[in-house]
């Protein structure tokens with residue numbers, strides 16, 4: 338398991354596409370260390386690892402299939418209106434291949 | 127005349143009797159918003175609300191529709207077509223949703239009048255009401271402006287508590303409506319996960335997010351549940367179970383109700399006044415025939431409720447918010463490369479707290495950590511939920527103080543860390559109802575130095591009628607309802 342060292346934390350932040358300053362890194366280090374301590378508390382509960390992971394709050398049975406018809410569609414103009422740069426109906430970002 | 131400090135039914139009565147019109151109500155709300163000093167609002171519907179009210183004032187009052195013509199506020203993480211919505215995040219400033227959330231659409235359909243979008247902790251992640259891009263939202267009950275109202279639904283709580291709207295919509299992923307309700311003498315209700323559609327609610331943590339709301343009494347809560355609950359095909363997690371007539375069912379008594387007080391949580395409350403007031407209420411309920419027992423879940427299990435919640439919610443939040451890149455919507459930044467642009471947008475757009483949450487969530491999902499952190503938290507979730515399910519099979523509901531203190535002070539009381547391994551059990555236990563998806567309601571219990579504190583009641587899945595019935599009896603015992611700070 339990854340420990341709470343600065344390199345790990347900074348790497349994770351950069352993978353998430355943001356930077357984190359030195360002061361924040363210190364708080365994050367403490368917070369992650371607390372999480373790892375909390376994990377130890379969980380581990381100390383007998384047989385916890387024999388349980389099945391629980392994703393949703395209760396068992397859900399979904400048998401809903403909608404009809405195969407177009408419904409509730411956002412039109413192109415609406416979908417693009419919040420993008421900062423649009424040309425010819427497409428969102429513009431910096432060139433990837435230059 | 128101050129109509130908006132009344133409850134929904136009282137205002138409805140005044141509309142029927144032609145004492146007041148929707149336009150009068152809107153003008154009263156806007157005047158109060160102008161004078162408000164609690165920093166509760168993101169967007170005010172100045173022109174839009176007046177237009178709706180003018181149109182409604184030409185119609186007859188719908189006597190069977192108590193929400194008709196009455197202003198409400200809604201948290202700024204619900205999509206509202208053509209109305210700016212930023213979830214109090216710098217990154218989303220200027221975003222205008224192209225569609226309505228289901229909850230909002232249902233209220234508009236009832237001809238309720240939206241008056242404001244309200245502040246929240248950034249992206250609904252936080253419990254202090256201080257991490258949004260507009261800063262702290264204050265508690266109307268504290269005139270010194272030094273205490274929080276709690277979060278993340280801080281603006282919705284403040285607008286209802288200050289008498290600006292008789293009800294307001296929020297969301298509750300850990301306790302984001304039920305805790306602020308405790309700090310502001312309101313009823314805060316989170317129905318069963320799946321009972322109300324979440325279509326158009328900005329996702330924080332899909333397996334824990336609930337639509338929730340504030341009212342000033344239990345009856346108004348039952349009314350809103352009748353309007354908002356029910357299957358919505360746009361939210362595949364919404365339930366197809368029948369929507370009950372909560373208002374009439376709430377009055378059916380099935381005594382003696384059997385309630386459980388969880389010892390390991392109750393014992394963690396150190397405030398004597400809160401404990402004494404709670405004990406007094408318990409005794410009064412016993413006199414009414416209630417059977418109330420103390421049940422232990424074990425200190426170790428009570429201790430991991432918060433960490434389990436924190437790990438799961440952070441992991442889900444990391445993934446759910448990966449779409450915040452400033453490209454399709456949100457604040458964009460100039461840059462030479464796509465990667466540099468994303469980096470700038472997210473570095474400058476997210477607050478430090480949000481970044482920390484995302485890093486922790488991301489680390490818990492890494493292949494080398496997943497078994498140890500994320501999956502262990504999911505196993506802990508099962509243990510917690512199995513334990514509470516068992517209790518709720520034996521008892522009609524669990525009853526506890528909703529918070530171990532009155533509204534905390536800002537300043538030193540805002541912890542730098544969002545997660546603290548030594549955090550109080552009684553201050554963080556409400557998340558068990560999110561882990562289990564149970565209906566859970568907070569209502570006023572008492573006052574300490576003129577600051578309110580609440581009681582929380584939680585029951586089994588889809589037993590809202592019973593829960594509201596118990597809550598109504600608690601309300602009769604405490605005699606605390608329709609409270610507004612003036």
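Protein chains in written order, with our numbering: chain A, 338 to 435; chain B, 127 to 612. Beta carbons are placed, not taken as given, at the ideal position from N, Cα and C, and that holds for glycine.
Whether residue i touches residue j by CB criterion (9 Å)
i                      : j                      : result
residue 192 of chain B : residue 152 of chain B : no
residue 340 of chain B : residue 314 of chain B : yes
residue 284 of chain B : residue 165 of chain B : yes
residue 596 of chain B : residue 523 of chain B : yes
residue 266 of chain B : residue 130 of chain B : no
residue 300 of chain B : residue 244 of chain B : no
residue 577 of chain B : residue 162 of chain B : no
residue 279 of chain B : residue 296 of chain B : yes
residue 529 of chain B : residue 552 of chain B : yes
residue 226 of chain B : residue 207 of chain B : yes
residue 334 of chain B : residue 157 of chain B : no
residue 466 of chain B : residue 431 of chain A : yes
residue 355 of chain A : residue 389 of chain B : no
residue 418 of chain B : residue 525 of chain B : yes
residue 307 of chain B : residue 569 of chain B : yes
residue 205 of chain B : residue 230 of chain B : yes
residue 592 of chain B : residue 380 of chain B : yes
As assigned by DSSP and simplified to three states, the class of residue i
i                      : result
residue 273 of chain B : strand
residue 71 of chain B  : Outside the displayed range of chain B (127 to 612) lies residue 71 of chain B, so it cannot be described from this structure.
residue 556 of chain B : helix
residue 296 of chain B : strand
residue 129 of chain B : coil
residue 584 of chain B : strand
residue 259 of chain B : coil
residue 175 of chain B : helix
residue 388 of chain A : coil
residue 515 of chain B : helix
residue 471 of chain B : helix
residue 102 of chain B : As shown, chain B starts at 127 and ends at 612. That puts residue 102 of chain B outside it, with no answer to give.
residue 198 of chain B : strand
residue 114 of chain B : Absent from the model: residue 114 of chain B. The displayed extent of chain B is 127 to 612, so no value can be given.
residue 380 of chain B : coil
residue 338 of chain B : strand
residue 424 of chain A : strand
residue 597 of chain B : helix
residue 342 of chain A : coil
residue 454 of chain B : coil
Cross-chain neighbours of residue i in chain A, by beta carbon under 8 Å
i                      : result
residue 508 of chain B : 388, 389, 390 and 391
residue 139 of chain B : What residue 139 of chain B touches in chain A: nothing, since even the nearest Cβ is about 38 Å away.
Cβ-heavy atom distance, residue i to the ligand FAD, below 8 Å
i                      : result
residue 270 of chain B : Judged by which ligands are present, the structure shown has none, so any question about the ligand FAD falls away.
Interface partners of residue i on chain A, CB under 9 Å
i                      : result
residue 304 of chain B : What residue 304 of chain B touches in chain A: nothing, since even the nearest Cβ is about 16 Å away.
Span separating the alpha-carbon of residue i from that of residue j
i                      : j                      : result
residue 429 of chain B : residue 561 of chain B : 14 Å
residue 352 of chain A : residue 492 of chain B : 11 Å
residue 357 of chain B : residue 518 of chain B : 25 Å
residue 183 of chain B : residue 174 of chain B : 14 Å
residue 370 of chain B : residue 349 of chain A : 47 Å
residue 375 of chain A : residue 248 of chain B : 25 Å
residue 545 of chain B : residue 448 of chain B : 22 Å
residue 154 of chain B : residue 139 of chain B : 17 Å
residue 233 of chain B : residue 309 of chain B : 26 Å
residue 141 of chain B : residue 199 of chain B : 19 Å
residue 463 of chain B : residue 433 of chain A : 7 Å
residue 418 of chain A : residue 440 of chain B : 30 Å
residue 527 of chain B : residue 589 of chain B : 21 Å
residue 236 of chain B : residue 194 of chain B : 6 Å
residue 254 of chain B : residue 345 of chain A : 29 Å
residue 485 of chain B : residue 458 of chain B : 22 Å
residue 542 of chain B : residue 364 of chain A : 7 Å
Within chain B, the residues that residue i reaches when beta carbons sit closer than 7 Å
i                      : result
residue 415 of chain A : 224
residue 399 of chain A : 362
For residue j and residue i, believed in contact at Cβ under 8 Å, the rounded distance
i                      : j                      : result
residue 275 of chain B : residue 533 of chain B : 6 Å
residue 423 of chain B : residue 513 of chain B : 5 Å
residue 341 of chain A : residue 373 of chain A : 6 Å
residue 217 of chain B : residue 427 of chain B : Not a contact, Cβ separation roughly 37 Å.
residue 600 of chain B : residue 581 of chain B : 6 Å
residue 585 of chain B : residue 564 of chain B : 7 Å
residue 571 of chain B : residue 404 of chain B : 7 Å
residue 172 of chain B : residue 149 of chain B : About 13 Å separates the two Cβ atoms, so there is no contact after all.
residue 391 of chain A : residue 502 of chain B : Incorrect: roughly 12 Å between the Cβ atoms, too far for contact.
Contact list for residue i against chain B, beta-carbon separation under 8 Å
i                      : result
residue 409 of chain A : 360
residue 356 of chain A : 469 and 473
Contact set between residue i and chain A, taken where Cβ atoms lie within less than 7 Å
i                      : result
residue 478 of chain B : 361
Cutoff 9 Å: residue i Cβ touching any chain D Cβ
i                      : result
residue 461 of chain B : Given the protein chain composition of this structure (A and B), no chain D is represented.
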